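Numbered by the UniProt record's numbering, the letters in the sequence shown go through residues 1 to 477 in order. Note that CB positions come from ideal geometry on N, CA and C, so glycine has one too. Treat the numbers as computed from the prediction; the structure is a model and nothing was measured. Shown next, in structure tokens, is the structure this report addresses.
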Amino acid sequence: MGTRRTGLIRARKAVGLTQEELAELLGAGVKSVRAWETGRSEPQPYRREHYATYLHITPAELEAHLRWGSTAGSPQPSAPTEPRIPTIPAVTSGILLPVIVDGRPVALPLDSTTVAASALGPLVSTVSSQRSERATAAVPIAEWDAMSPLSRRSLLKNGIPAAALSTLGLDNVEHITRAIENPRRYMDKSVTEYFRQNLDNYKSDDGERGPSKTFPMVVGLMDLIKRISPEVKSENQRDLLQIAAEGAEFAGWLCRDRREMGESLYWHDRAMEWAQAAGDFTMQGYILFKKAQSAYDERDPRQMLTLTKAVRNGPWALPQRLQAEAVQQEARADAMLGASAHQISRKLDLAWQLLDTAGSSESSLGSHFNATLLNMQTAICYAEAGEPRRSVELYERTLKETQLSRRDYGFFLSLMANSLALSGEPDQAAKIGMISAQRASETNSRRTKDELVRVVEVLRPWRNRPAVQQLREAVSA
1 MGTRRTGLIR
11 ARKAVGLTQE
21 ELAELLGAGV
31 KSVRAWETGR
41 SEPQPYRREH
51 YATYLHITPA
61 ELEAHLRWGS
71 TAGSPQPSAP
81 TEPRIPTIPA
91 VTSGILLPVI
101 VDGRPVALPL
111 DSTTVAASAL
121 GPLVSTVSSQ
131 RSERATAAVP
141 IAEWDAMSPL
151 SRRSLLKNGI
161 PAAALSTLGL
171 DNVEHITRAI
181 ENPRRYMDKS
191 VTEYFRQNLD
201 NYKSDDGERG
211 PSKTFPMVVG
221 LMDLIKRISP
231 EVKSENQRDL
241 LQIAAEGAEF
251 AGWLCRDRRE
261 MGESLYWHDR
271 AMEWAQAAGD
281 FTMQGYILFK
291 KAQSAYDERD
301 PRQMLTLTKA
311 VRNGPWALPQ
321 RLQAEAVQQE
331 ARADAMLGAS
341 AHQISRKLDL
351 AWQLLDTAGS
361 SESSLGSHFN
371 ATLLNMQTAI
381 CYAEAGEPRR
391 SVELYERTLK
401 ETQLSRRDYG
411 FFLSLMANSL
421 ALSGEPDQAA
431 KIGMISAQRA
441 SETNSRRTKD
451 ELVRVVEVLR
461 PWRNRPAVQQ
471 LREAVSA
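See the structure below:
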């Protein structure tokens, strides 16, 4: 029998939620919420961020409650001014929109960038940049108030992320929310296209926003699709399952960037299930390839090779760009296992041939892969093959910040710093490492930070040099 987690119970009651209401918001069963509060089980990791948000506590406080149960040392949330009105923590710069959920007001936050870029911008005369953490005031929005209570309740209850509202289009909001409330009757291509557009937007913004800001929105969309897909007609269900598979694969990547490898595996497994349910062979091959990439993060060349060969030899017809990236991945695994430079060069030549002949109208999967990325990955292969100086020369010629997102630029800089360190250039390695550390901090890329830890280890023989000391301090901060 578990220990009763009274802190969780008090936090839920403080924001005015019953167990049933919290379960509905989280997309969980009431029995699950009861089990969490009585210590019989714990929420799955991917659900905890939402759980903390609805309890109006930090993720760290939630973990403490789960760990300590009812002991006196567990932290207690402060009571809100109006305990019967559940609120969501306000963003530091933005507005709070009033939403009615089961007859009760909820303050839904939107950041100022989202407001300015959406149809709401002209309707908001002032956006306060100073809001207390427990603020419940909201800006009256005429068009939002004009929505039916059913629409407002449906949007929040079914998990549309707040930041997605900017792309919703207020003229179409009623149609979208009808489809959420009654998917069998109202779900159509326009709604599934709306979901796909949101996912595409999350992907395009990820390199600048970072995984911590993107992940909750992606998971919100996945929760929604998971909830409504069993109820839609068969002609729309496959589209939803394909979007779910693509979104789950992306969620796996975001967890990988945060170095949450167990979470990454969870989402990749969900992606594979949805891809199989949709009969999408190309996505199944793509997910295997992403698992092979995760194996490189763990420096497991045998797993890389096993999975990449499965990608290349499986029953799926992968776009040529993905085939090119898979061949490069196989060359990298071979290099890590001691293959000759000649063998590696032959495979890299094949990767370039596949990329050069890839058409522009191929599947969107792998469309991101271009000459810049292949150059970066070729440089990685050189370093793994024991030719770090050749790797540095390729980075110096082709690594340009204008051609990559902030996150990706910082990541490849960390690998360049490693090649410089292996080439016996400690000061230059430390200088490049510092730029990489700044980008990693800006985008919260744990993956890049872990690569910089490796750089510091390679630089150990020069640990007393000022530049190396500075990098070590930046990485350990």
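Nearest to residue i (by Cα), restricted to the options the options
i: Ser294; options: Trp274, Glu24, Lys309, Arg256; result: Arg256
i: Gln44; options: Ala28, Arg446, Glu61, Ser345; result: Ala28
i: Phe250; options: Glu260, Asp280, Leu224, Val218; result: Val218
i: Pro388; options: Leu66, Trp36, Ser441, Ala429; result: Ala429
i: Leu426; options: Asp188, Gly16, Leu471; result: Checking the sequence shown, residue 426 turns out to be Pro, not Leu. Minimum Cα distance to Pro426 is reached at Leu471.
i: Gly359; options: Ile180, Asp200, Gln323; result: Gln323
i: Val456; options: Ala477, Arg321, Ala421; result: Ala421
i: Ile225; options: Asp206, Lys203, Gly207, Arg270; result: Arg270
i: Lys189; options: His175, Tyr202, Ala245; result: His175
i: Tyr194; options: Ile180, Asp206, Arg185; result: Ile180
i: Ser419; options: Val311, Glu393, Gly366, Asn375; result: Glu393
i: residue 481; options: Val327, Arg397, Gly247; result: Only positions 1 to 477 of the chain appear in the structure, and residue 481 is not among them; the question remains open.
i: Ala477; options: Pro461, Met434, Trp462, Pro466; result: Met434
i: Ser423; options: Arg454, Ser367, Ser391; result: Ser391
i: Arg184; options: Arg227, Ser41, Asn313, Arg299; result: Arg227
Local Cβ density within 10 Å of residue i, reported as buried at 16 or more and exposed below that
i: Asn182; result: exposed
i: Pro122; result: At Pro122, the pLDDT of 48 sits below 50, so the modelled position is not reliable; the number obtained from the coordinates is stated separately. Exposed: under 16 other Cβ atoms inside 10 Å.
i: Val34; result: Looking at the sequence shown, residue 34 is not Val but Arg. Its Cβ having fewer than 16 others within 10 Å, Arg34 is exposed.
i: Pro315; result: exposed
i: Ser32; result: buried
i: Glu260; result: buried
i: Asn464; result: exposed
i: Ser234; result: exposed
i: Thr357; result: exposed
i: Asp239; result: buried
i: Asn236; result: buried
i: Glu231; result: exposed
i: Glu37; result: buried
i: Thr18; result: exposed
i: Gly220; result: buried
i: Pro83; result: Any reading at Pro83 needs caution, since the residue's pLDDT is 33, under 50, leaving its predicted position unreliable; the model's value is listed next. It is exposed - the Cβ of Pro83 has fewer than 16 other Cβ atoms within 10 Å.
Residue i CB to nearest heavy atom of the ligand GDP below 7 Å
i: Leu355; result: In terms of ligand content, the structure shown is empty, and the ligand GDP therefore cannot be addressed.
Pair within 8 Å by beta-carbon distance, residue i and residue j
i: Ser445; j: Phe412; result: no
i: Ile287; j: Ala275; result: yes
i: Ala437; j: Leu459; result: no
i: Lys449; j: Val468; result: no
i: Glu325; j: Lys309; result: no
i: Gly285; j: Leu337; result: no
i: Leu305; j: Ala339; result: no
i: Leu404; j: Met416; result: no
i: Arg407; j: Asp297; result: no
i: Arg5; j: Gly39; result: yes
i: Ile344; j: Ala385; result: yes
i: Leu354; j: Gln320; result: yes
i: His65; j: Leu26; result: no
i: residue 493; j: Ala335; result: One cannot answer for residue 493 here, as it falls past the ends of the chain, which runs 1 to 477.
Secondary structure of residue i, DSSP reduced to three states
i: Ile57; result: coil
i: Met10; result: The question names Met, but residue 10 is Arg in the sequence shown. Correct three-state label for Arg10: helix.
i: Ser367; result: coil
i: Trp316; result: coil
i: Ala421; result: helix
i: Leu399; result: coil
i: Ala474; result: helix
i: Pro426; result: helix
i: Asn187; result: For the record, residue 187 in the displayed sequence is Met; it is not Asn. Coil at Met187, not helix or strand.
i: Ser405; result: coil
i: Asp223; result: helix
i: Lys233; result: coil
i: Arg463; result: coil
i: Asn201; result: helix
i: Ser340; result: coil
i: Ala358; result: coil
Sufficient close CB pairs (3 or more, under 8 Å) joining the region 210-224 to the region 253-267: Three or more Cβ pairs drawn from the region 210-224 and the region 253-267 lie within less than 8 Å of each other, which places the two stretches in contact.
Cβ pair count under 8 Å reaching 3, the region 264-272 against the region 284-302: The way I'd put it, the region 264-272 does touch the region 284-302; three or more beta-carbon pairs between them come closer than 8 Å.
At least 3 beta-carbon pairs within less than 8 Å: the region 10-30 vs the region 50-67: In this structure the region 10-30 touches the region 50-67; the number of beta carbon pairs closer than 8 Å is three or more.
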